[in-house]
Amino acid sequence: MARVKRIEKDFGFFGIGILNNVSEHNIGTLWRSAYILGASFIFTIDKKYKPCGADVATAWTKIPLYHYKDFEDFKANLPYSTKIVALEMGERSVEIEHYQHPDRAVYLLGNEQSGLPAHITEQCHDVVKLPGDFSLNVSVAGSIVMYDRIQKSK
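Counted the way the working numbering counts, the sequence shown spans residues 1197 to 1350.
#1: Where does the unbroken alpha helix (DSSP H) through Ile1223 begin, and where does it stop?
#2: Taking 8 Å as the cut-off, decide whether the C-beta atoms of Thr1240 and Gly1213 are in contact.
#3: What three-state label does DSSP hand His1315 in the structure shown?
#4: Looking at Ile1280: is its Cβ nearer than 8 Å to the Cβ of His1321?
#5: Taking DSSP as the reference, what is the three-state secondary structure of Arg1288?
#6: Within 10 angstroms of the Cβ of His1294, are there 16 or more other Cβ atoms? Answer buried if so, exposed if not.
#7: To the nearest angstrom, how far is it from the Cα of Tyr1343 to the Cα of Ala1230?
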């Protein structure tokens, strides 16, 4: 017998991932948060994930991780009618409290040291920023944007 989640409102789907990740722990932690907060999948771009102990919920058995060799490969394999939402500070960025999440989205995070390059954010449909003047740990930032999405979907 299949287990079905109780769905209050159809709010599409979302995935979340990191470009050029620096630490495997960030992917493991993001994977666990993605599973808990309802993501359909996670992904990496440029650097593959190496297993580590940060995923104590064994989220890898529950939602898939996709790897893309570069941003062009990622864009070419987006699900139909899905928006790329970059999480980055910048002039184009909308503060998260004012952001309306799309029904079908992939949230793209940069690594903590260099963030997302301008040539990447220019190709994203939306750019969102979190409060504060400094970047957060990438898995923490990802958890915040996913939490904001589920809160606004109620």
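Where a beta carbon is used, it is the ideal one built from N, C-alpha and C, also for glycine.
Considering the structure as presented:
#1: Here residue 1223 refers to the residue found at position 27 of the sequence shown. Ile1223 -> alpha helix (DSSP H) spans 1220-1232.
#2: By 1-based counting over the sequence shown, the position of residue 1240 is 44. By 1-based counting over the sequence shown, the position of residue 1213 is 17. Yes, Cβ-Cβ distance for Thr1240 and Gly1213 is below 8 Å.
#3: Here residue 1315 refers to the residue found at position 119 when the sequence shown is read from its first residue. DSSP, reduced to helix, strand and coil, places His1315 within a helical segment of the structure shown.
#4: As a position in the sequence shown, residue 1280 is number 84, starting the count at 1. As a position in the sequence shown, residue 1321 is number 125, starting the count at 1. Yes, these two residues count as a Cβ contact at 8 Å.
#5: For the purposes of this step, residue 1288 is taken as the residue at position 92 of the sequence shown. Looking at Arg1288 - three-state DSSP - the assignment turns out to be coil, as it is neither helix nor strand.
#6: As a working note, residue 1294 is residue 98 in the sequence shown. An exposed status is given to His1294, since fewer than 16 other beta-carbon atoms sit within 10 Å of its beta-carbon.
#7: For the purposes of this step, residue 1343 is taken as residue 147 along the sequence shown, with counting starting at 1. For the purposes of this step, residue 1230 is taken as residue 34 along the sequence shown, with counting starting at 1. Approximately 10 Å, taken between the alpha carbons.
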